[in-house]
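Peer 1: Dumping the structure here so I can ask a few things about it.
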């Protein structure tokens, strides 16, 4: 387990909402919401380029530790509002999915064990 | 929360929290051999009103903005800090309960206390009144969340109601084509199930299944409804809509098969995983559909571990 706060600091992520003082178990990256629902696990950090409000619902249902939006993409207004309401951390990076996942891996965030 | 309870809770917290839980550890220090004039930069840049004086890790005094102003008035900017600082200082141990800090602030009226470790007497941080307030607020926030969850626990309901059979029914209406609201039913059901005291695993499976079904209503129909029936043994979720219906149910159940239009796919839906996911997360799934009439989906999740009566 690694604290999300440390990840934010080390990878210079921009926190737009949510309490980042929580543990991250592993990571999952996908832009298909049903895929995330099927394969992500509790306390995962999720890396995606989707920015619409339903990412919050998915993160909430799966009890994910947070969502990293890649390529400098900004969350939609509704997404932000919902995330605030549900206390889901939304983090931004200028990096692409490939790069940020690489950096997360270096920090010791791996995939879910099967 | 009424006033008396808040007071007691805060008092309780000052006993529960330790000084080290709230102190600022990343602090500026100065050496006693420096001239007072150097304080200007430190106090100004860090926006602090006092700074501990440390020689070789050992705390020898504390110098405040008042000391600095006095020197400024008397033209003594070249004086050494050691001659102007307060030497007889009151300190707190890092492992003392926070209430000791509160009492010392009241007793001495100082703006800050250096905090030292009991073991080697080295300076570990500094505590101000605002550190105490922040620390307590943070703790209160955590306590409030716990309390909120407890208050909503309705798990006793099955025990309190006297009947041969008890069903709880929760109904949600889902708007078609509106992805901004998609997921509200599932999220609502999730919270409700938690309040009933169901296990996280059960809640997760039920809410994920409901979410996928809800997305189907939003993506393919003009609206529908979700009804969850809960009894002590199972959760039965019935999802219905009024069309357009699924022409080939068998095909729809194949992973990866999707008829989703482009705009739905762009949002990250329509991967052909919805119904397979529901199947995966539920104990039983029954799908009936008539083209132009509508679709009826029944999901069952068994509550073998329902904590009834515990």
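Residue numbers (my numbering), protein chains in the order written: chain G, 432 to 545; chain L, 28 to 337. Built from N, CA and C at the ideal position, the CB exists for glycine as well.
#1: CA-CA distance, residue 507 of chain G and residue 37 of chain L?
#2: Throw me the rounded Cβ distance for the residue 66 of chain L and residue 57 of chain L pair, which I believe falls under 8 angstroms.
#3: Which whole runs of the beta strand (DSSP E) in the segment 249-308 of chain L are 3 residues long or more, in chain order?
#4: Using a Cβ-Cβ cutoff of 7 angstroms, what residues of the segment 208-221 of chain L are near chain G? List them in chain order.
#5: Would you list the one or two residues that DSSP bridges to residue 115 of chain L?
#6: Could you name the residues of chain G that residue 235 of chain L contacts, counting a contact when the two beta carbons are closer than 7 angstroms?
#7: Could you check what DSSP says for residue 312 of chain L in three-state terms: helix, strand or coil?
#8: Is residue 452 of chain G buried or exposed, if buried means 16 or more other CB atoms sit within 10 Å of its CB?
#9: Excluding sequence positions up to five away, which residues of its chain have a Cβ less than 7 angstroms from the Cβ of residue 319 of chain L?
#10: What residue range is occupied by the uninterrupted alpha helix (DSSP H) comprising residue 460 of chain G?
#11: Below 8 angstroms CB to CB, which residues in the same chain sit around residue 470 of chain G once its five sequence neighbours on both sides are set aside?
#12: Can you look up residue 204 of chain L in the DSSP assignment and give me helix, strand or coil?
#13: Which residue spans inside the segment 48-94 of chain L form an unbroken alpha helix (DSSP H) run of at least 4?
#14: By how many angstroms is the C-alpha of residue 88 of chain L removed from the C-alpha of residue 334 of chain L?
#15: Tell me where the alpha helix (DSSP H) around residue 151 of chain L begins and ends.
#16: Under the rule that 16 or more other beta-carbon atoms within 10 Å means buried, what is residue 290 of chain L, buried or exposed?
#17: Looking at chain L, is there any beta carbon in it that lies within less than 8 angstroms of the beta carbon of residue 465 of chain G?
#18: Assuming the contact rule is C-beta atoms closer than 8 angstroms, residue 496 of chain G and residue 435 of chain G should be a hit. Round their C-beta distance to whole Å, please.
#19: Taking residue 444 of chain G as the reference, give the member of G/521, G/484, G/481 and G/540 with the closest Cα.
#20: From which residue to which residue does the beta strand (DSSP E) around residue 323 of chain L run?
#21: Which stretch, first to last residue, makes up the alpha helix (DSSP H) that contains residue 215 of chain L?
#22: Could you list the residues in the segment 300-312 of chain L with a C-beta less than 7 angstroms from some C-beta on chain G, going in chain order?
#23: State buried or exposed for residue 96 of chain L, treating a residue as buried only when at least 16 other CB atoms are found within 10 Å of its CB.
#24: I'd like to know whether the C-beta atoms of residue 40 of chain L and residue 167 of chain L end up nearer to each other than 8 angstroms.
#25: Should residue 540 of chain G be labelled buried (16 or more other beta-carbon atoms within 10 Å of its own) or exposed?
#26: Identify the continuous beta strand (DSSP E) that holds residue 497 of chain G and give its terminal residues.
#27: Distance, Cα to Cα, residue 46 of chain L vs residue 329 of chain L?
#28: With distances taken Cα to Cα, identify the nearest neighbour of residue 298 of chain L among L/103, L/284 and L/306.
#29: Quick one: list the residues of chain G neighbouring residue 284 of chain L, beta-carbon separation under 8 angstroms, in chain order.
#30: Taking only beta-carbon positions, decide if residue 440 of chain G is within less than 8 angstroms of chain L.
#31: Can you have a look at residue 217 of chain L and say buried or exposed, based on whether 16 or more other CB atoms are within 10 angstroms of its CB?
#32: Any beta carbon from chain G within less than 8 angstroms of residue 295 of chain L's own beta carbon?
#33: Determine which residues share a DSSP beta bridge with residue 493 of chain G and list them.
#34: Which residues of chain G have a Cβ atom closer than 8 angstroms to the Cβ of residue 239 of chain L, listed in chain order?
#35: Would residue 524 of chain G and residue 498 of chain G qualify as a contact pair, given that the criterion is a beta-carbon distance under 8 angstroms?
#36: Assign residue 533 of chain G to one of three DSSP states: helix, strand, or coil.
Peer 2: The relevant details are as follows:
#1: 39 angstroms
#2: 7 angstroms
#3: 250-257 and 261-268
#4: 209, 210, 213, 214 and 217
#5: Partner(s): none; residue 115 of chain L has no beta bridge.
#6: 468 and 492
#7: strand
#8: exposed
#9: 270, 271 and 272
#10: Element bounds for residue 460 of chain G: not the alpha helix (DSSP H) but the beta strand (DSSP E), 458-460.
#11: 459, 461 and 543
#12: coil
#13: 66-73
#14: Its pLDDT being 46, under 50, residue 334 of chain L is placed unreliably by the model, and the measurement read from it follows with that caveat. Between residue 334 of chain L and residue 88 of chain L, the C-alpha separation is close to 59 angstroms.
#15: Counting along the chain, residue 151 of chain L falls outside any alpha helix (DSSP H), though it belongs to the beta strand (DSSP E) covering 150-155.
#16: exposed
#17: yes
#18: 6 angstroms
#19: G/521
#20: 321-329
#21: 211-222
#22: 300, 301, 304 and 307
#23: exposed
#24: yes
#25: buried
#26: 497-500
#27: 48 angstroms
#28: L/284
#29: Result: empty, since nearest Cβ-Cβ is about 12 angstroms, beyond 8 angstroms.
#30: no
#31: buried
#32: yes
#33: None; residue 493 of chain G has no bridge partner.
#34: 465 and 468
#35: no
#36: helix
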